[in-house]
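Colleague: Take this structure first; my questions come after.
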Amino acid sequence: MIFFTKAFWLQVSSPKAFYPFAGKVIPFFMITALVLTVVGLYYGFVLAPPDYQQGDSYRIMFIHVPAAWMSMWIYIVMCVFAIIGMVWRTRLSDMMAGALAPTGAMFTFLALWTGALWGKPTWGTYWVWDARLTSELILLFLYFGFIALRAAIDDPQRAARASALLACVGVINVPIIYFSVKWWNTLHQGASVGLTQKATMADSMLTAMMVMAFAFWAYTFAVAFMRVRNEILEKEKNSAWVSETLTKTVEGKNEST
Amino acid sequence: MNLPEFLDMGHYAPYVWGSYGVVASFMLVEVILLMTKRRSLVKSIARLARLNRESKV
Amino acid sequence: MIEAFRWLIWREMTLALRRKAEVLTTMLFFVIVVSLFPLGIGPEIDTLREIAPGVLWVAALLASMLSLNRLFADDYIDGTLEQLIISSQPLALMVFGKILAHWFLTGLPLVLISPVLGMQLGMDVDSIIILMLTLLVGTPVLSLIGAVGAGLTLGVRGGGVLLSLLILPLYIPVLIFGSGAVESAQAGLGVEGHFSLLGAFFIGSLVLAPLGAAAALRISLD
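Residue numbers (my numbering), protein chains in the order written: chain A, 67 to 323; chain B, 4 to 60; chain C, 62 to 283.
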């Protein structure tokens with residue numbers, strides 16, 4: 067498999083080489099995401115039975131849990147790219163870090179939103195200050211901070227490096243924040259009534275969640291690559307290879323129609 | 004389960020479909036925004052290239 | 062190296078004492094914010110006593126954060142910061158010196174005035190002592206973490222508000238255990254757990270924050 071060779075990655079790591087590579091790969095990721103979604107939702111809505119306690123409302127779990135997973139994984143992957151960009155000074159890594167952030171923030175918001183809509187029928191309230199939801203909210207602020215800092219600095223190199231440092235500081239703090247909030251929450255027992263729900267997970271439920279998680283990952287790659295391609299176009303709009311590539315694409319389309 | 008029961012989701016319809024609806028919309032909007040941005044970038048680059056060619060002639 | 066450190070501290074204090082007003086504003090902000098709560102919530106002393114730990118800690122947080130802009134801004138403008146970076150002295154140590162002086166001038170006053178505010182909110186003496194101790198251990202952590210944010214946002218548009226957005230999430234663990242300790246004391250329970258964690262935050266940030274802030278400064282000034 068060509069993807070496992072170092073030579074391949076070195077070659078693809080320049081924006082100029084990455085652009086066409088990403089262009090070919092994006093449709094593949096999108097189709098994978100759609101197929102996995104169909105499969106996952108089939109498991110979740112057709113094969114999985116209603117829950118003993120929660121009836122059909124628990125089915126929100128099939129997007130809530132994967133969204134929450136994504137919000138955390140994307141943050142970590144974002145940090146990894148940021149560190150690579152800082153240490154090896156590769157612009158593409160910086161761009162990937164920046165490209166992942168909005169999608170990560172979106173999943174964080176969606177985790178909160180679906181969590182609230184799941185909470186209302188289950189615990190009777192839209193918002194509960196439990197450890198996970200509260201930490202998720204703080205994660206959303208961390209994403210916003212990352213995006214805001216990047217946007218506020220004009221020099222792209224400084225913006226990339228500053229936001230990379232911020233992401234690293236954040237990543238160290240996320241477990242600390244989670245632990246603190248969890249502890250704080252157990253102390254204030256009043257707020258945590260009825261939160262310990264034993265998820266009696268049928269196999270079909272677990273499968274649905276995992277498949278949806280993979281679907282979200284495929285989606286994230288597609289979207290992040292799209293964002294990076296847009297950024298490459300923007301940064302290199304004056305260079306020859308860009309106008310050549312685009313005119314070739316246009317001509318190619320004209321010939322085929 | 005028939006269709007009306009499925010849509011009702013055991014009376015939890017607003018919560019379940021509210022969740023799935025918002026998630027689907029956000030993801031759709033994200034993709035549309037990126038595609039629109041790309042289109043406008045391609046157009047502006049084409050315009051830039053054309054102006055360059057014309058100014059060289 | 063020690064010489065340079067001592068010189069730096071002396072310089073910071075001298076400059077600050079020439080502009081006493083700026084030093085006092087942090088403390089005044091703390092006082093005013095705390096005073097707003099009875100006005101907003103009502104003078105019921107029992108209610109006030111109950112919310113006192115949280116209110117005092119949040120106010121200390123905000124006051125600390127507001128004062129951060131001053132940490133590097135002046136030296137950035139007049140070029141001293143650049144000199145510090147280029148100099149052969151370890152930047153992390155110099156940054157630590159600045160943070161120490163900064164805390165002395167903005168954090169320590171909060172600790173000292175907190176008993177008065179605690180009494181205003183109906184706290185008992187034992188809880189007030191715990192409050193002072195938590196602030197004593199906690200406000201340096203706020204200054205240390207804040208320095209990293211201040212370094213990152215040097216000279217950036219909308220710096221102050223942006224700094225708040227960046228720093229406040231990171232302050233949350235300190236807030237939780239700081240006010241948690243005071244609440245615990247009020248309820249007559251033990252505070253060792255809280256203080257161990259506050260202590261851990263203190264040591265952790267003492268070691269890591271100057272390095273992070275130094276890195277942030279290098280990023281901002283290169």
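Even for Gly, the Cβ is constructed at its ideal location relative to N, Cα and C.
(1) For Ala-246 of chain C, which option in C:Gly-183, C:Arg-79 and C:Ser-188 has the closest C-alpha, if you only look at C-alpha atoms?
(2) Determine whether the Cβ of Ser-159 of chain A lies closer than 9 Å to any Cβ atom of chain C.
(3) With DSSP as the reference, identify every bridge partner of Asp-117 of chain A, one or two as the case may be.
(4) Below 8 Å on the Cβ atoms is my contact criterion, and I expect Pro-271 of chain C with Ala-153 of chain C to pass it. Report the Cβ-Cβ distance as a whole number of Å.
(5) With a Cβ-Cβ cutoff of 9 Å, do Ser-201 of chain A and Tyr-141 of chain A count as a contact?
(6) For the segment 240-252 of chain C, which residues have a beta carbon sitting closer than 9 Å to at least one beta carbon of chain A?
(7) When we look at the beta-carbon of Glu-310 of chain A and count the other beta-carbons within 10 Å, is it buried (16 or more) or exposed?
(8) If you reduce the DSSP assignment to three classes, tell me which class Pro-222 of chain A lands in.
(9) Whose C-alpha, out of A:Glu-300, A:Ile-298 and A:Met-292, is nearest the C-alpha of Phe-95 of chain A?
(10) Is it true that the CB of Phe-173 of chain A sits closer than 9 Å to the CB of Ser-137 of chain A?
(11) Closest to Pro-170 of chain C by C-alpha separation, out of C:Thr-75, C:Leu-229, C:Gly-219 and C:Met-88, would be which residue?
(12) If the cut is a Cβ gap below 8 Å, which residues of chain A does Glu-33 of chain B touch?
(13) Could you say which of A:Arg-227, A:Ala-274 and A:Ile-92 lies nearest to Phe-287 of chain A if we only look at CA atoms?
(14) Pick from A:Arg-198, A:Ala-197 and A:Gly-181: whose alpha carbon is nearest that of Gly-190 of chain A?
(15) Could you say which of A:Ala-233, A:Ser-305 and A:Ser-79 lies nearest to Val-209 of chain C if we only look at CA atoms?
(16) Grab me the residues of Leu-208 of chain A's own chain with a C-beta within less than 6 Å of its C-beta, minus the 5 sequence neighbours each way, in chain order.
(17) Taking the straight line between their C-alpha atoms, what separation do you get for Trp-68 of chain C and Asn-296 of chain A?
(18) Do three or more CB pairs link the segment 158-175 of chain A to the segment 223-231 of chain A at distances below 8 Å?
(19) As a quick exercise: from A:Trp-179, A:Ile-204 and A:Leu-206, pick the residue whose alpha carbon is nearest that of Trp-193 of chain A.
(20) I want to verify the contact list: residues of chain C whose CB lies under 8 Å from the CB of Arg-224 of chain A, in sequence order.
(21) Give a single yes or no on whether Ala-274 of chain A has its beta carbon closer than 8 Å to a heavy atom of the ligand MN.
(22) At what residues does the alpha helix (DSSP H) containing Thr-167 of chain C begin and finish?
(23) Determine whether the beta carbon atoms of Ser-125 of chain C and Ile-160 of chain C lie at a separation below 9 Å.
(24) Whose C-beta lies closer than 6 Å to the C-beta of Ala-277 of chain C among residues of the same chain, with five residues either side of it excluded?
(25) Grab the span of the alpha helix (DSSP H) containing Gln-150 of chain C for me, first residue to last.
(26) Select from A:Ala-225, A:Lys-303, A:Met-275 and A:Ser-270 the residue whose C-alpha is nearest the C-alpha of Met-329 of chain A.
(27) If the cut is a Cβ gap below 8 Å, which residues of chain A does Arg-41 of chain B touch?
(28) Taking its Cβ as the centre, do 16 or more other Cβ atoms sit within 10 Å of Thr-273 of chain A, making it buried, or is it exposed?
(29) Note down the Cα distance separating Glu-8 of chain B from Pro-168 of chain A, rounded to an integer number of angstroms.
(30) Compare the C-beta of Leu-44 of chain B against all C-beta atoms of chain A and say whether one is closer than 9 Å.
(31) If you count every other CB in all the chains shown that lies within 10 Å of the CB of Arg-42 of chain B, and 16 or more means buried, which is it?
(32) In terms of alpha-carbon separation, which member of C:Glu-253, C:Ala-113, C:Leu-267 and C:Ala-275 lies closest to Thr-200 of chain C?
(33) Rounded to a whole number of angstroms, what is the C-alpha to C-alpha distance between Trp-135 of chain A and Pro-114 of chain C?
(34) Does the separation of the CB atoms of Phe-175 of chain A and Leu-215 of chain A fall below 9 Å?
(35) I need the DSSP call for Lys-264 of chain A, collapsed to helix, strand or coil.
(36) Between the alpha carbons of Tyr-15 of chain B and Lys-248 of chain A, how many angstroms are there, rounded?
Modeller: With the structure as the only source:
(1) The shortest C-alpha separation from Ala-246 of chain C is found at C:Ser-188.
(2) With 9 Å as the cut-off, Ser-159 of chain A does not count as an interface residue toward chain C.
(3) DSSP output for Asp-117 of chain A lists A:Gly-121 as bridge partner(s).
(4) About 4 Å separates the CB atoms of Pro-271 of chain C and Ala-153 of chain C; that is less than 8 Å, so the two are in contact.
(5) Between Ser-201 of chain A and Tyr-141 of chain A, the CB-CB gap reaches or exceeds 9 Å.
(6) Answer in chain order: Gly-241, Glu-244 and Ser-245.
(7) Its Cβ having fewer than 16 others within 10 Å, Glu-310 of chain A is exposed.
(8) Pro-222 of chain A falls in the helix class under three-state DSSP.
(9) Residue A:Met-292 is the option with its Cα nearest to Phe-95 of chain A.
(10) A contact, by the Cβ cut-off of 9 Å.
(11) The shortest Cα separation from Pro-170 of chain C among C:Thr-75, C:Leu-229, C:Gly-219 and C:Met-88 belongs to C:Met-88.
(12) In chain order: Pro-168, Thr-169, Met-172 and Val-289.
(13) Each of A:Arg-227, A:Ala-274 and A:Ile-92 was checked against the Cα of Phe-287 of chain A, and the nearest Cα belongs to A:Ile-92.
(14) Relative to the Cα of Gly-190 of chain A, the nearest Cα in the group A:Arg-198, A:Ala-197 and A:Gly-181 belongs to A:Gly-181.
(15) That would be A:Ala-233, whose Cα lies nearest to the Cα of Val-209 of chain C.
(16) Excluding positions up to five away in sequence, the list reads Gly-236.
(17) Using only the alpha carbons, I get a separation of about 51 Å.
(18) Taking one beta carbon from each stretch, the segment 158-175 of chain A and the segment 223-231 of chain A have 3 or more pairs nearer than 8 Å; the two touch.
(19) For Trp-193 of chain A, the nearest C-alpha among the options comes from A:Trp-179.
(20) Those within 8 Å of Arg-224 of chain A in chain C are Ile-280, Ser-281 and Asp-283.
(21) Questions concerning the ligand MN fall outside what the structure shown contains, since it holds no ligand whatsoever.
(22) Per DSSP, Thr-167 of chain C belongs to no alpha helix (DSSP H) and is neither H nor E.
(23) It is not a contact, given that the beta carbons lie outside the stated cut-off.
(24) Cβ neighbours of Ala-277 of chain C beyond the five flanking positions: Val-209, Gly-212 and Leu-213.
(25) Where Gln-150 of chain C is concerned, there is no enclosing alpha helix (DSSP H), because DSSP gives it neither an H nor an E.
(26) A query on residue 329 of chain A cannot be resolved here, the shown segment of chain A reaching from 67 to 323 and no further.
(27) Residues of chain A whose Cβ lies closer than 8 Å to the Cβ of Arg-41 of chain B are, in chain order, Met-292, Arg-295, Asn-296 and Leu-299.
(28) Flag for Thr-273 of chain A reads buried.
(29) Going by C-alpha positions, Glu-8 of chain B is about 37 Å away from Pro-168 of chain A.
(30) Cβ-Cβ to chain A under 9 Å: yes for Leu-44 of chain B.
(31) Flag for Arg-42 of chain B reads exposed.
(32) Of the listed residues, the one whose Cα sits closest to Thr-200 of chain C is C:Leu-267.
(33) Rounded to the nearest angstrom, the two C-alpha atoms are 34 Å apart.
(34) It is not a contact, given that the beta carbons lie outside the stated cut-off.
(35) Note that Lys-264 of chain A scores 47 on pLDDT, short of 50, meaning its location in the model is unreliable and no value can be drawn from it.
(36) Tyr-15 of chain B and Lys-248 of chain A have their C-alpha atoms spaced approximately 29 Å apart.
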